[in-house]
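What the sequence shown shows, in this note's numbering, is residues 4 to 459, in sequence order.
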Amino acid sequence: MSFASFGLSEPLRLAIKESGYSKPTPIQLKAIPIILAGKDLMAAAQTGTGKTASFVLPLLQRLNNGPKVKANQVRILVLTPTRELAVQVAQNVDSYSKHLPLKTCVVYGGVKINPQMMKLRGGADLLVATPGRLLDLASQNAIKFSQLETLVLDEADRMLDMGFSAEVGKIMALLPKLRQTLLFSATISDEIRKLGKTLLNNPLQIDISPRNSTARTVKQWVIEVDKGKKPALLSRLIRNKNWAQVLVFTKTKKAADALVLYLKSDNISVDSIHGDKSQALRTQALENFKTNKTRILVATDIAARGLDINELPHVVNFDLPKVAEDYIHRIGRTGRAGLPGEGISLVSADEVKLLAAIETLIKQTLVREVETGFVSQHKVPLTLQTVSPAKKPKKLKLKQNNTEGKARPGNKSPDTNSSKGDKRTGRERSAAATKPRTAAKSRRNTGRNNRPDGTR
Ligand code: AMP
């Protein structure tokens, strides 16, 4: 099916063509007709699926057919949890609407409010906003909602995670009851369902991404390392593997700052985005990274949520996230729109519980690797996900082969070879497998290569 089948206007079709899109993504196929028909929608879709275009394109079409926007009014409001996401959505809006005579605008905190107030004087057909700044503008009568036709809540799950539910409630109280409402969320939790019930009217539902999954095009693996050696290991990886563009996640702002200092001292071009930096610095850092002026961008989860960096090849978890779901969001920065990517986690022994939670969530045992010169003193214990199948010998064999097979396509490991001629019973094999430390050791000692791409 092509974009032509949606009946989008010529200016939109031209913009789609200029964006280089040849066919709609699955979310676009499902969402565009629903939104064009003016219905409410609750959609589970991760970033990277083309979800922004799935609501922006049909909404622009509807805008173009409607009345003119009046002073200080807004016809379509898109709420996003972070400033970066607001800017990104607005960039998408700009490129899709460039052949249409529509006024679009973006407002967010951390910058002066006056220029935003001036811009809103003439009204906005489509306004992208973060909740706090929108409420500030509304309290100063710079924005009114009596002409509002559609509300979009983008990344609603993160909006709640970031504690915006009170702000969202206040905004809802300002909006006309009769409107179209669209809710997009990476996952539809009970909390999101509850929010949807209060905001949406008889919504249609779409679930595009299988729950709790990472893109199949992203190769993921873990490198075991002692905590204190992580900066040196990262530096080595960047240099030895010639990584040109890497988004690195740390757990805290302090850790992000410390890592930036370390990499700078090692002459690696690096910047960071986190909540303690001014919006101007965050925007600049992101722009430099996107345009390859900076090689490494170190980020905390909140600042990096929803970022779309064209063809980003590598994401590194310098620290594992505290919340397992954030692993999926982090890894989701690469492998977008079906492109290949790599997600590497540097894991120290104290993070084993976090690793186990991630592996349980993604239903996958991450392949482990050790870098020469960085063999950890404090071993990372095998996770339950790795050892639990031992209780069911038959399944154990399947699982082990499966994991190995996935990790190293076309590259037989010594273990896989030996298991073929293995004369042991399933019970004996499973008993052996319950000695994880020995297994892990032998994996290292044989120098067996566990990298997903089969290289060293
Ligand atoms: P999103 O999920 O909205 O963050 O989009 C992720 C990426 O997919 C963005 O870089 C879009 O430009 C790109 N994209 C959106 N729609 C399509 C499409 N139909 N074909 C190819 N790429 C697309």
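From the three backbone atoms N, C-alpha and C, an ideal C-beta is built for every residue, glycine too.
Next on the checklist: Using a Cβ-based criterion (distance less than 7 Å to any ligand heavy atom), does Asp311 qualify as near the ligand AMP?
Outcome noted: yes
Item to check | DSSP state of Lys147 mapped onto helix, strand, coil | outcome: strand
Checklist entry - How is the beta strand (DSSP E) around Asn320 delimited, first residue to last? => result 317-320
Checklist entry - Between the segment 197-207 and the segment 36-56, do three or more beta carbon pairs fall short of 8 Å? => result yes
Checklist entry - Going by other Cβ atoms of all chains shown within 10 Å of its Cβ, with 16 needed for buried, is Val96 buried or exposed? => result buried
Checklist entry - Is Lys33 near the ligand AMP, in the sense that its beta carbon is under 7 Å from a heavy atom of that ligand? => result no
Next on the checklist: My output table needs one value for Ser12: the three-state DSSP class, helix, strand or coil.
Outcome noted: coil
Item to check | Continuous alpha helix (DSSP H) assignments of at least 4 residues falling wholly in the segment 115-189 | outcome: 117-123, 134-142, 159-164, 168-177
Checklist entry - Which residues mark the beginning and the end of the beta strand (DSSP E) in which Lys54 is found? => result Not the beta strand (DSSP E): Lys54 falls in the alpha helix (DSSP H), residues 54-67.
Checklist entry - What number of angstroms, rounded off, separates the C-alpha of Asp164 from the C-alpha of Val326? => result 11 Å
Next on the checklist: For a minimum of 3 consecutive residues, which ranges assigned as the beta strand (DSSP E) are wholly contained in the segment 349-379?
Outcome noted: 370-372
Checklist entry - What did DSSP end up calling Glu314 once you bin it into helix, strand or coil? => result coil
Item to check | Pick from Glu21, Arg65, Ala48 that is closest to Lys33, judged by C-alpha positions | outcome: Ala48
Checklist entry - Per DSSP, what kind of secondary structure is Ile19 in: helix, strand or coil? => result helix
Item to check | Given Ser168 as reference, the closest of Thr220, Lys197, Lys147, Leu181 once Cα atoms are compared | outcome: Lys197
Checklist entry - Using the C-alpha atoms, what's the distance from Ala302 back to Ala159? => result 21 Å
Item to check | Exposed unless 16 or more other CB atoms sit within 10 angstroms - verdict on Ser100 | outcome: buried
Item to check | C-alpha gap between Gln208 and Gly335, whole angstroms | outcome: 22 Å
Checklist entry - Cβ of Thr28 versus every heavy atom of the ligand AMP: is any distance shorter than 7 Å? => result yes
Checklist entry - What three-state label does DSSP hand Val326 in the structure shown? => result coil
Checklist entry - Nearest to Ala132 by alpha carbon, out of Gly125, Gly112, Gln143, Met121? => result Gly112
Checklist entry - In angstroms, rounded to a whole number, what distance separates the CA positions of Ile195 and Gln282? => result 28 Å
Item to check | Test item: CB-CB of Leu262 and Val249 under 8 Å | outcome: no
Next on the checklist: According to DSSP, simplified to helix, strand and coil, what is Leu264?
Outcome noted: helix
Next on the checklist: Please report the distance separating the alpha-carbon of Pro234 from that of Leu358.
Outcome noted: 19 Å
Item to check | the ligand AMP heavy atom lying under 7 Å from the CB of Ser8 | outcome: no
Item to check | Nearest residue (CA-CA) to Val221, options Asp193, Phe148, Leu342 | outcome: Leu342
Item to check | Through-space distance from Ser351 to Asn404, alpha-carbon basis | outcome: Caution is warranted here: a pLDDT of 35 is assigned to Asn404, below 50, making its placement in the model unreliable, and no coordinate value can be reported.
Checklist entry - Looking at the unbroken beta strand (DSSP E) that takes in Ser275, where does it start and where does it end? => result 273-276
Item to check | Rounded separation between Lys402 and Gly23 - CA only | outcome: Residue confidence is low: Lys402 scores 36 on pLDDT, short of 50, so the model does not pin down where it sits. No coordinate-derived value is stated.
Checklist entry - Can you round the beta-carbon distance between Ile79 and Asp128 to whole angstroms, since I take them to be within the 8 Å contact cut? => result 7 Å
Checklist entry - Would you say the segment 10-23 touches the segment 183-190, given that touching needs at least three Cβ pairs under 8 Å? => result no
Next on the checklist: On the criterion of 16 or more Cβ atoms from any shown chain inside 10 Å, does Asn75 qualify as buried, or is it exposed?
Outcome noted: buried
Checklist entry - Taking C-beta to C-beta, are Leu315 and Thr337 nearer than 8 Å? => result yes
Checklist entry - Given Ala145, which residues of its chain have a CB within under 6 Å of its CB, disregarding the five upstream and five downstream residues? => result Met120, Leu123
Checklist entry - In three-state DSSP terms, what is Arg78? => result strand
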